[in-house]
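Q: Before we start, here is the structure in question, set down as structure tokens.
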Amino acid sequence: MGLHQAVALCMDHCHASELTTDDYRYKTVVLCGGSACLPGLAERLEKELHGLLPPSISNGIRVIPPPYGVDTAWFGAKQNSNVSFLTYPCMICLLQFLHFTAEF
434 MGLHQAVALC
444 MDHCHASELT
454 TDDYRYKTVV
464 LCGGSACLPG
474 LAERLEKELH
484 GLLPPSISNG
494 IRVIPPPYGV
504 DTAWFGAKQN
514 SNVSFLTYPC
524 MICLLQFLHF
534 TAEF
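Printed below as a string of structure tokens:
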């Protein structure tokens, strides 16, 4: 089973269960992780979902790619390091991160 088939099956089950009247909750797919940065993945997944699902379900589907591409995890860590309840900085800048990870 491919990614598009797994997501389509999940959307179909959510639609059939009729637990909620607002279908935008299961019609929005947020991609995350390293593989989500593959070029064209979001567009391809959206196209495949429109082809697999009936129009009653596929109308309004949105697939959202990672906002910062391959640097998304770094931006998330940077935001966490700027939170006031942390007593020490977790990461200062991208260059320091790259220098630190180059040692491994």
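With this note's numbering applied, the sequence shown covers 434 to 537.
Cβ atoms here follow ideal geometry from the backbone N, Cα and C, with glycine treated the same way.
The structure displayed is predicted, hence computed values, not measured ones.
Starting from Arg-495 and walking both ways along the beta strand (DSSP E), at which residues does that stretch end?
A: Per DSSP, Arg-495 belongs to the beta strand (DSSP E) from 495-497.
Q: Would you list the residues sitting across from Thr-505 in a DSSP beta bridge?
A: Answer is none; Thr-505 lacks a bridge partner.
Q: Can Leu-478 and Asp-445 be called in contact, C-beta distance under 8 Å?
A: Not in contact: Leu-478 and Asp-445 (Cβ atoms no closer than 8 Å).
Q: Could you tell me which whole beta strand (DSSP E) segments of length 3 or greater appear in the region 436-467?
A: The qualifying runs are 461-463.
Q: What span of residues does the alpha helix (DSSP H) with Ala-475 cover, start to end?
A: Where Ala-475 is concerned, the enclosing alpha helix (DSSP H) stretches over 474-485.
Q: For Ile-497, tell me which candidate among Gly-484, Gly-466, Trp-507 has the shortest Cα-Cα distance.
A: Of the candidates Gly-484, Gly-466, Trp-507, the one whose C-alpha sits nearest the C-alpha of Ile-497 is Gly-466.
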